[in-house]
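**Student:** Converting from the sequence shown to my numbering requires adding 396 to each position, the first position being numbered 1.
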Amino acid sequence: MVESERRDLDYLVKELENGNGSRKEDAAELLAELADPRAVDPLIKALKDADSHVREAAALSLAVYEDTKTIEPLIELLKDKKASVRYAAAIGLSGVGDNRAIEPLEKALKDESQVVRKVAQLALNSVKERQ
397 MVESERRDLD
407 YLVKELENGN
417 GSRKEDAAEL
427 LAELADPRAV
437 DPLIKALKDA
447 DSHVREAAAL
457 SLAVYEDTKT
467 IEPLIELLKD
477 KKASVRYAAA
487 IGLSGVGDNR
497 AIEPLEKALK
507 DESQVVRKVA
517 QLALNSVKER
527 Q
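1) Out of N416, R419, L427 and P469, which one is the CA nearest neighbour of K441?
2) Alpha carbon to alpha carbon, what distance is there between E502 and V347?
3) Under the assumption that I487 contacts L520 (Cβ atoms under 8 Å), give the Cβ distance between them as a whole number of angstroms.
4) Report all residues from its chain with a CB closer than 6 Å to the CB of M397; omit the five preceding and five following residues, and keep chain order.
5) Taking the alpha helix (DSSP H) that E373 belongs to, which residues open and close that run?
6) Secondary structure at Q517, three-state DSSP: helix, strand or coil?
Have a look at this one:
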């Protein structure tokens, strides 16, 4: 992507919705850099992408936005079959800091993945500190 395209919200949203796997992933990451609230809904939609790398990138990007409408979709993502996606969902939830995330993050403390458990603990601490 050329620099002008990288900074164009409309272009990035289009790539997130219609690009191939790696371009979708790149678009999700660049949308975090833009920090434009108009990117939240497309990023939430990307949490359901068939490609786990796209779901992961979207979840990580949503942490930047601290938007409460991301809570429920990120909580649902804690149940993803891929540990990397569950990890990203926990990070996303820590960015929002909403108490609705407490119980799901407590459940994630029992995740089969040690990395997910550790990140869930950090996210839980972050959410509780923000209360």
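All C-beta atoms in this analysis are idealised placements derived from N, C-alpha and C, irrespective of residue type, glycine included.
**Tutor:** Reading from the atomic positions:
1) Nearest C-alpha to K441: P469.
2) This structure cannot settle anything about residue 347, because the visible part of the chain is limited to 397 through 527.
3) At roughly 12 Å, the Cβ-Cβ gap does not stay under 8 Å, so I487 and L520 are not in contact.
4) Residue placement at M397 is poorly supported in this model, since its pLDDT is 47, which falls under 50; the coordinates still yield a value, given next. Closer than 6 Å at the Cβ level, and outside the excluded window around M397, lies no residue.
5) In the structure as shown, the chain begins at 397 and stops at 527. Residue 373 is therefore absent and cannot be evaluated.
6) The answer is helix: DSSP assigns Q517 an H, G or I state.
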